[in-house]
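Contents: one structure, followed by commentary.
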Amino acid sequence: MVTPRVRAFVRDHFNCSTLEGAEIESQDGGCIGSHWEERLFEPEFMTPVDSYHNVFSALTLAFFADSGWYQVNASTSEVMHFGRKKGCSFATEKCVDPATQSPIAEHFCTSNTAQGCSADARSRSTCSLSSTSQSIPSEYQYFPSSPTKGGLNAFADFCPMNVGFTAGDCSISSNRLKLGSTSINAYGETYCPTCRCTATSLRSADSTGWGINPARQSGCYAMRCIAGIDSSTKNPITVVELIIPRSKTNDAVAVNCTRKGEKLAVSGFSGDITCPDPQVVCEYDDPSRILLAISGASPDTSSGSHNTTASSAPATSNASRDAGSKNSLENSQSYSKDSAPSGAGNDASNVDSSNSRTDSGSTSKSGSTSITTGRIASGAVMHQWASCIVLGGTWFALVIIL
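Under the UniProt record's numbering, the sequence shown has 173 at position 173, and the numbering climbs by one with no breaks.
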């Protein structure tokens, strides 16, 4: 799709000045092809398959504005973190290099035991890598010695992705791991509407008597974004403050992150916590600026201006929709009592069974249209949008919703 605003959006989004436009879905010549390419724009509402957390990005609004049929409210667009600033290689190359079997970005993965965070850090994630009895089309084979190995989503070119799931949703308080009937917070986690995910290997001092299998590689934490100054360059930076509860001492400790990927030790815990990307957890980038930079798009400030500064907590979108996971994913952990922690009793079977959860609900959204890909996840849901009749009619339905 080559239009001025669409071109401006993708060049800015991927940080790639050579892109001419946005790719349209290549896996279907019919109604599914009237959507943005799933591999590149996975969480966008106008891709063919629902994500765990969808967004209405400035990409779709850019197309509306360039069509000449609509005036768009640019301030309603949401940040799409998937692929953001990942460079030309993300937009033009394979998601996994078959020669090295290495993913080109952290959104993709090569191990079905890998845990991480969704691209928007709103959920813990799991890798969608799987194997089936059918070979994947040769152009989408990323593991030459295993032609049946790849991602669950055919529309995403079989790319294995780190995908969020309901039981890992950082906004759901009941998702915090419970060790039996104790109050032990093994990973120092917090689940709240503005909590976000980051990589961690923390284990609290009072949880050492418990075996947790598999061990967590990511967790959800309360975070606060603070304006700061870099001590060496004196340039302004965004500091991400993480508040980590300590169940053993019934208090909390704050740690400050100044650099993405930095690993920090936390008093009262073994292991470390990895600093998140402030561009993601603080969401201070304004996706509407590309639309507003080209005359014709309206800011429509009657509904309130878009906040472009780091706030005291990450922004929470009212347009968040858990319409169903792309994949039918299982978030199951087993817990055993290696030895009885002090005050926890001696009943080795005292394990809260509610912590073994399965996120397997699937919801069809395709109306009367039934599309079978043979590989797409059983929990995948297809966009309805007027039963996907034609591009114009389909996207007109989106304008009504907006």
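A virtual CB, placed ideally from N, CA and C, is assigned to each residue, including glycine. Predicted model, so just to flag it, every value in this text is computed and none were measured.
Counting other Cβ atoms within 10 Å of its Cβ, P160 reaches 16 or more and is therefore classed as buried.
In this structure, the CA atom of L61 is about 27 Å from the CA atom of F158. With at least 16 other beta carbons inside 10 angstroms of its own, T198 counts as buried. Annotated as distal: Q27 and A227, with beta-carbon spacing of 8 Å or more.
With a minimum length of 4 residues, the unbroken runs of alpha helix (DSSP H) contained wholly in the region 87-158 fall at 88-92. Contact between the region 161-177 and the region 58-77 is absent: fewer than 3 CB-CB pairs across the two stretches fall below 8 Å. Straight through space, the alpha carbons of E283 and S123 are spaced by roughly 15 Å. Looking from the CA of F56, the closest CA among P48, G68, V49, P43 belongs to P43. Judged by their CB atoms, S118 and H53 are nearer to each other than the 8 Å cut-off.
Contact between the region 186-193 and the region 230-250 is present, with at least three C-beta pairs closer than 8 Å. Contact between the region 90-104 and the region 139-148 is present: 3 or more CB-CB pairs across the two stretches fall below 8 Å. Taking a cut-off of 8 Å for Cβ pairs, the region 204-220 and the region 101-121 touch, as three or more such pairs fall below it.
Minimum Cα-Cα distance from L40 among the listed residues A105, V266, A254 corresponds to A105.
In this structure D169 is buried. Its beta-carbon is surrounded by 16 or more other beta-carbon atoms within 10 angstroms. Its chain contains L179, I184, A186 as the residues whose beta carbon lies nearer than 7 Å to that of S207, once the 5 sequence neighbours on both sides are disregarded; these appear in chain order.
Close CB contacts of S130 within its chain, under the 7 Å cut and outside five residues either way in sequence, are with N112, L152 (chain order). By the Cβ-count criterion, A265 is exposed, with fewer than 16 other Cβ atoms from all chains shown falling within 10 Å of its own Cβ.
Secondary structure of N73 (DSSP, three-state): strand. DSSP places A8 in the uninterrupted alpha helix (DSSP H) bounded by 4-14.
As the crow flies, the alpha-carbon of F45 is around 16 Å from that of V10.
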